[in-house]
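Residue numbers (the working numbering): 8 to 753.
We put the beta carbon where it would ideally sit given N, CA and C, even for glycine.
Below: the structure, in structure tokens.
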């Protein structure tokens, strides 16, 4: 990128300019004994007037003219495209960009429903997260954190405490066990070898039995078992014999008779007989008590008297409740037994008997068929495993020996560590674990910060917006004709706005309705609240545009942009009459105007690169001049400076990118063209300025100007120099004023 700059020159450069003007331009003068006045030597002096003006630096760079931003126009619903504004068309507020006849497919509906379900699920999760954060940590988490802290402290205490006798004994036992294992590996005991050989012998015997097949005794036993099972099944199928039925009926009659006797009680004869037995027993007892010397006879008489009295008491009291219950149970059992005999075997009993027969048949078939391939494989594998186990005992490998030695070394090391106590690193690690657990508990008890709560609330708001967007898409799926209307605003449409909605998107909608002349309804105000009056205004606007006046506005109905847009070239493959899916890119929209201080202003801007060495000349807000290719000048405002330098590929220098917004629009023909940007920085206001070649260097140092007096005489005035800019220099002296003539050496 070409860059031209007229920089301020240093004093040394100024002297070079003076010297370059010729020997006459460098006059070394002495002031000793001279009042500084001279007479002009001739009429051919070149003079110039001292000017009073501003000194400024100038920087000229090139840039590209374009619009500030553009958006991609996409289909906001699926269907057939019937109209799309042609390239170059400027679409303003209230005008449509396209028209689509919508006839959603099952796939479209399924996609929207899936997105809606996902959005609702995300909303539920976001609300739960926010609710949990506001409610504080659950008791289970607090309990877990406290338990973790307790465990960490106990581990720390256990680490620094000396080992207990039990711990030392356990570690010594581990050493002994590992030592015994190593010794057993190196020199196995006869018992271990005998056990391994016994296992091998048993495995070989089992394999031999399988290979030999079943013995005649085993076959006979299996046949007998089958015959018994078949006999049992036959008995069940034939049912009970008459003798079994008669016996069951007799048992039932006996049980019923016993129950009847218990319920009727003792007869008078039984009672009299019992009393007579008591009287006889009393007489015998008295006889033996007074006249017999045989102790055994007296005891027997007393026992007989006791039994007689108990029998009489039982007869007088009648049957007990438990005796009646037992008798009734006996009757019930006899009835059930008789019923079972009369009914025959149940289905489950027959199934069990048939299963027993089948099992016996299979067992006999297995014996007659010999061992299966799987059984032989298993037996052979057991023999091989037994062989390997015996070989491992009798001929242990070097790897086994090394593993056993390592196990013993580890056990000894563990014992030594236990006796020596923890290392400083282990203590430090335990302390760190306690601190971490303590911090975790403190963080949990402190709850969420305000920033975290705000982030969770933002997540809820985002999830709600996603749900609203999906619901809007679902609402727009109905068959019909959709036109996308341009309206002005910075907040995008993300939901279906209807009565009850509120927010910045509603306020923008109301502003546009008012600008389009649909805000005359009673009670209508631009307040961001979608009330009945707003609904009436929406229905009026929809009816005027030939839309379905449902009083709702969604994503498929309007597009909020900053201002008027120009339609760019259609996307590749887009043509009227084709079927579109929702989200299909249709064209690029360039925003050509946007509001600035309440007024629409062009969005044309220039992107230019300023050399990094000239960064001090630019700042946001300065006014610059933009020169178009036809030499037309337009003012512009530098609105932004990219803080990150980039490499200018044309100059190979580092540069900063600046953005300049034009005060008025340039002709469309220059969009994309390269333009010149003139940047001016005023350095000094109202400076006294002369050509740098007018300076005279003094012998004693410093500079002077040769001033032409009114009478034509010349005198030297000492001056202080300031900035050198474009061959001019700022000079300062109390004797110098604007308008004076000074000599410029040839």
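DSSP state of residue i mapped onto helix, strand, coil
i, result
"residue 567", "strand"
"residue 502", "coil"
"residue 78", "strand"
"residue 601", "strand"
"residue 698", "strand"
"residue 748", "strand"
"residue 46", "Reliability of the predicted coordinates at residue 46 is poor, the pLDDT of 47 falling under 50, and no value is obtained from them."
"residue 138", "helix"
"residue 100", "coil"
"residue 632", "strand"
"residue 184", "helix"
"residue 36", "Confidence at residue 36 is low in this model, with a pLDDT of 41, below 50, so the placement of that residue should be treated as unreliable; the coordinate-derived value is given next. Residue 36 falls in the strand class under three-state DSSP."
"residue 29", "Annotation note: pLDDT 36 at residue 29 (below 50); position unreliable, no value reported."
"residue 452", "helix"
"residue 741", "coil"
"residue 673", "coil"
"residue 409", "helix"
"residue 573", "strand"
"residue 41", "Legend: pLDDT at residue 41 = 43, less than 50; position of this residue unreliable, no value from coordinates given."
"residue 316", "helix"
"residue 753", "coil"
"residue 533", "coil"
"residue 585", "coil"
"residue 7", "Coverage of the chain is limited to positions 8 through 753, which leaves residue 7 absent and any answer about it impossible."
"residue 639", "coil"
"residue 374", "helix"
Distance CB(residue i)-CB(residue j) smaller than 7 Å
i, j, result
"residue 572", "residue 587", "no"
"residue 189", "residue 453", "no"
"residue 697", "residue 749", "yes"
"residue 341", "residue 259", "yes"
"residue 98", "residue 104", "yes"
"residue 515", "residue 567", "yes"
"residue 386", "residue 206", "no"
"residue 536", "residue 497", "no"
"residue 717", "residue 747", "no"
"residue 426", "residue 186", "no"
Anticipated Cβ contact below 8 Å, residue i with residue j, distance rounded
i, j, result
"residue 593", "residue 81", "6 Å"
"residue 665", "residue 625", "6 Å"
"residue 282", "residue 345", "Actually they are not in contact, since the Cβ atoms of residue 282 and residue 345 sit about 40 Å apart, beyond 8 Å."
"residue 725", "residue 711", "5 Å"
"residue 601", "residue 641", "The pair is not a contact, with the Cβ atoms about 17 Å apart (cut-off 8 Å)."
"residue 644", "residue 659", "Not a contact, Cβ separation roughly 30 Å."
"residue 356", "residue 233", "In fact, because the Cβ distance is near 19 Å, the residues do not count as touching under 8 Å."
"residue 69", "residue 681", "5 Å"
Nearest candidate by alpha-carbon position, reference residue i, set the options
i, options, result
"residue 471", "106, 128, 92", "128"
"residue 293", "727, 140, 311", "311"
"residue 577", "85, 60, 156, 93", "93"
"residue 694", "52, 57, 61, 323", "61"
"residue 75", "245, 86, 646", "646"
"residue 551", "520, 530, 581", "520"
"residue 195", "402, 365, 363", "402"
"residue 135", "506, 372, 460, 114", "460"
"residue 688", "337, 631, 648, 743", "631"
"residue 153", "284, 447, 313, 612", "447"
"residue 608", "580, 570, 614", "570"
"residue 418", "527, 57, 183", "183"
"residue 143", "667, 730, 457", "457"
Opposing strand residues paired with residue i [DSSP bridges]
i, result
"residue 618", "662"
"residue 489", "107"
"residue 60", "694"
"residue 724", "712"
"residue 668", "612, 644"
"residue 560", "504"
"residue 596", "78, 574"
"residue 688", "64"
"residue 90", "106"
"residue 495", "568"
"residue 158", "In the DSSP output, where bridge partners are listed per residue, residue 158 has none listed."
"residue 682", "70"
CB contact below 7 Å: residue i versus chain C
i, result
"residue 190", "The structure shown contains no chain C; it is built from a single protein chain."
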